[in-house]
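Engineer: Okay, here's the structure, questions in a sec.
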């Protein structure tokens, strides 16, 4: 959900790994998810994601350009601070991610940072990294409540190289789905589709969170996929 939850960093690592190598999922137990009949406080879950702070570790797996990938790292989220974004009052959140990834006999260590901007209701306004600046189109739509099986579009944004917005890179569109998990929890899955300036899909990004009916959130994984493979970041 927050560009959606610092969404941009996974694809930055994928790009950085390929550059470092000079080159062009995780598993799980077999079990049957249960479709909970509970009503889930989806907006509260979103707010909790935005307000989340601290450091979490993760493992990296996947296959990309024929290379089996593995690694580990950590993500550190700062607290919300007052800022101005596109001329309006905003809340800014800084996220820094560090990881070491190995594949094809090469090991790459990288650190990426970026900021998400929100309004006073924790709805996204845009993001800024060293390589990209995004601006949300209109207002995000996050339902107050949802049930397993509910889906929708949260928001879209335009992508630029920087805040001057003179160089258009393309768009992102983010959708959500509440999926079966257990009788008392659900999986909130957010999928972001990145397209270039000509409308061709460049990346698909997926975030998965376990949520309770009250809106408590546990991050599970982030995945970035393109035509050459995918990289999965699984939180410990």
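In the working numbering, the protein residues as written are 1295 to 1530. A virtual CB, placed ideally from N, CA and C, is assigned to each residue, including glycine. Keep in mind that this is a model prediction, so the values were computed, not measured.
(1) Can you have a look at residue 1518 and say buried or exposed, based on whether 16 or more other CB atoms are within 10 angstroms of its CB?
(2) Label residue 1418 either buried or exposed according to how many other C-beta atoms from any shown protein chain fall within 10 Å of its C-beta, with 16 as the threshold for buried.
(3) Please specify which runs of the alpha helix (DSSP H), each continuous and at least 4 residues long, are wholly inside the region 1326–1351, giving them in chain order.
(4) Quick one: any contact between the region 1344–1359 and the region 1458–1467, if contact means 3 or more CB pairs under 8 Å?
(5) Using 10 angstroms around the beta-carbon of residue 1364, count the other beta-carbons present and answer buried if the total reaches 16, otherwise exposed.
(6) Looking only at its own chain, which residues have a Cβ that is under 7 Å from the Cβ of residue 1333, when we skip the five neighbours before and after it?
(7) With three or more beta-carbon pairs closer than 8 Å as the criterion, would you say the region 1359–1378 touches the region 1468–1488?
(8) Output yes or no for whether 8 Å exceeds the beta carbon distance between residue 1504 and residue 1479.
(9) Please look up how many angstroms separate the CB atoms of residue 1343 and residue 1511, rounded, as I've assumed it's under 8 Å.
(10) Does the region 1399–1406 come close enough to the region 1377–1387 to have 3 or more Cβ pairs within less than 8 Å?
(11) With residue 1429 as the anchor, note down where its beta strand (DSSP E) starts and where it stops.
(12) Pull up the DSSP beta-bridge partners for residue 1406, would you.
Structural biologist: With the structure as the only source:
(1) buried
(2) buried
(3) 1336–1345
(4) no
(5) exposed
(6) If you ignore the 5 residues before and after residue 1333, its C-beta comes within less than 7 Å of the C-beta of 1439, 1441 and 1507, all in its own chain and listed in chain order.
(7) no
(8) yes
(9) 6 Å
(10) no
(11) 1427–1430
(12) 1391
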